[in-house]
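Residue numbers for the sequence shown follow our numbering, so the first one is 2 and each next one is one higher. Beta carbons: idealized from backbone N, C-alpha and C, even for Gly. A quick write-up on the structure given underneath.
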Amino acid sequence: MTPSNPTFPSVLLTASGSYLPQKIVTNDDLTKTLDTSDEWIRQRTGIAQRHIAAEDELTSDMAVAAAKQALNMAGLGADALDGIIVATTTPDDTFPSTASVVQRKLAATGFAFDVQAVCAGFIYGLDVGDAMIKAGKARKILVIGAETFSRILDWQDRSTAVLFGDGAGAVVLEASDGGENSAENWGILSSVIFTDGRFRDILYVDGGVARGQVGKVKMVGPDVFKHAVEKLANGLDQAMTQSGLGAEDIDWLVPHQANDRIIKTLQKKLKLPDERVIRTIARHANTSAASIPLAFDEAMRGKQIKAGDVVAFEAIGGGLAWGAAIVRVGRP
Numbered sequence: 002m003t004p005s006n007p008t009f010p011s012v013l014l015t016a017s018g019s020y021l022p023q024k025i026v027t028n029d030d031l032t033k034t035l036d037t038s039d040e041w042i043r044q045r046t047g048i049a050q051r052h053i054a055a056e057d058e059l060t061s062d063m064a065v066a067a068a069k070q071a072l073n074m075a076g077l078g079a080d081a082l083d084g085i086i087v088a089t090t091t092p093d094d095t096f097p098s099t100a101s102v103v104q105r106k107l108a109a110t111g112f113a114f115d116v117q118a119v120c121a122g123f124i125y126g127l128d129v130g131d132a133m134i135k136a137g138k139a140r141k142i143l144v145i146g147a148e149t150f151s152r153i154l155d156w157q158d159r160s161t162a163v164l165f166g167d168g169a170g171a172v173v174l175e176a177s178d179g180g181e182n183s184a185e186n187w188g189i190l191s192s193v194i195f196t197d198g199r200f201r202d203i204l205y206v207d208g209g210v211a212r213g214q215v216g217k218v219k220m221v222g223p224d225v226f227k228h229a230v231e232k233l234a235n236g237l238d239q240a241m242t243q244s245g246l247g248a249e250d251i252d253w254l255v256p257h258q259a260n261d262r263i264i265k266t267l268q269k270k271l272k273l274p275d276e277r278v279i280r281t282i283a284r285h286a287n288t289s290a291a292s293i294p295l296a297f298d299e300a301m302r303g304k305q306i307k308a309g310d311v312v313a314f315e316a317i318g319g320g321l322a323w324g325a326a327i328v329r330v331g332r333p
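Structure below.
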């Protein structure tokens, strides 16, 4: 956790990028193999379709596509980066890190590593990148969320197969270059991250090195919903307290796109109207660590979110791992 402090450089979020695979699978498509319906899925989740990676499309490929967009928006070449952080649960390989593959494909240098906090991965990556820049370890870091969740789904399990999709999103973090206090109220104003391993069994994948297989997603939906509402609300409270801002200061909520009912609960807490909440869940489904940067980039490119706006991010995933961040986007 790295609260804003004028003795540290402000960590500006200056640019974003995203990528979605071409293939789209609608709810009606799923009814051909699952005992479900478009109405059933929409009512319970808000999802209408999801993008699915091509057979030869890797998590690193999607991450690179999103990264190039973000770098272009920032006006930076890959050689300007000090490091790359990739949040993913679906790496190309057990090792090396997907971030190292992305680094090679971008012809970048510096450090590169993955963080694994499932759907909360982007918040974790943002927190780590913020701390590294404030500690003087770097000045420019690319944070990417990228997932091919379709490859760890049991497509016969209605409770999970309808929920997820593939994609990638990226943001550029930069140390402020102005005077000591010129960007004090800009950039990452606060970030909080939490984990409670006692709840591992309500959302996990039944595979890994110990089992010798990749495994599939297993979830106890009602329990995840209950914890999500409680923990995300508490996380947002702590992030706002740490930032020194209140709910009335938040311009936009860019939530993890997991379930529209959860989004509505957090929206109500912040007293934000629909037009100040970024929703992509109907078209993207839950893309895990990619969902926040995907939604954020869409809002940036659509000129909804503008430089100077205060944005609240929040997410929860397996672990359980969750977190929130308050960011004034762009440059002062």
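If you count every other CB in all the chains shown that lies within 10 Å of the CB of ASN73, and 16 or more means buried, which is it? exposed
Would you list, in sequence order, the uninterrupted beta strand (DSSP E) runs of no fewer than 3 residues that lie entirely inside the segment 30-91? 50-53, 84-88
Using only CA atoms, which one of ASP250, GLY208, ILE25 lies nearest to ILE153? GLY208
Please classify PRO7: does DSSP put it in a helix, a strand, or coil? Unreliable positioning characterises PRO7 in this predicted model, as indicated by a pLDDT of 47, which lies under 50. The coordinate reading is nonetheless provided below. Reduced to three states, the DSSP call for PRO7 is coil.
Is the beta carbon of ILE53 closer than 8 Å to that of PRO92? With a cutoff of 8 Å on beta-carbon distance, PRO92 and ILE53 are scored as not near each other.
Endpoints, the beta strand (DSSP E) within which SER17 is located: 12-20
Using the rule of at least 16 other Cβ atoms within 10 Å of the residue's Cβ for burial, across every protein chain shown, is SER38 buried or exposed? exposed
Could you give the DSSP three-state label for VAL311: helix, strand or coil? Three-state DSSP puts VAL311 in a strand.
What ranges does the beta strand (DSSP E) occupy inside the segment 112-151, keeping only unbroken runs of at least 3 residues that lie completely in it? 112-116, 141-149
What is the rounded straight-line gap between the Cα of ILE344 and the Cα of PRO97? In the structure as shown, the chain begins at 2 and stops at 333. Residue 344 is therefore absent and cannot be evaluated.
Apart from the five residues on each side of it in sequence, which residues of its chain come closer than 6 Å, Cβ to Cβ, to ALA259? For ALA259, where only same-chain residues beyond five positions count, the Cβ hits under 6 Å are ASN287.
Contained beta strand (DSSP E) runs [length at least 3] in the segment 230-318, N- to C-terminal order: 253-256, 311-318
Inter-stretch contact at 8 Å, needing at least 3 Cβ pairs: the segment 114-121 / the segment 167-181: no
Sort out for me which residues DSSP pairs LYS24 with in a bridge. ILE53
On the CB-based measure, 16 or more other CB atoms within 10 Å of its CB, does GLY324 come out buried or exposed? GLY324 comes out buried.
How about ASP197 and GLY18: are their beta carbons less than 8 Å apart? No.
Does DSSP put LEU107 in a helix, in a strand, or in coil? Helix at LEU107.
How is the alpha helix (DSSP H) around SER160 delimited, first residue to last? Run containing SER160: 159-162, per the alpha helix (DSSP H) assignment.
Kindly confirm or deny that the segment 64-84 and the segment 268-288 touch, where touching means at least three C-beta pairs closer than 8 Å. no
For GLY309, collect the residues of the same chain with a Cβ closer than 7 Å to its Cβ; drop the 5 residues on either side in sequence, then sort them by chain order. ARG329, GLY331
ALA49 versus VAL255: straight-line alpha-carbon distance, rounded: Cα-Cα distance, rounded: 19 Å.
So what does DSSP say about VAL225, is it helix, strand or coil? helix
Could you work out which residue in GLU148, ASP57, ALA55, GLY188 is closest to ALA100 when comparing CA atoms only? GLU148
Does DSSP classify SER101 as helix, strand or coil? helix
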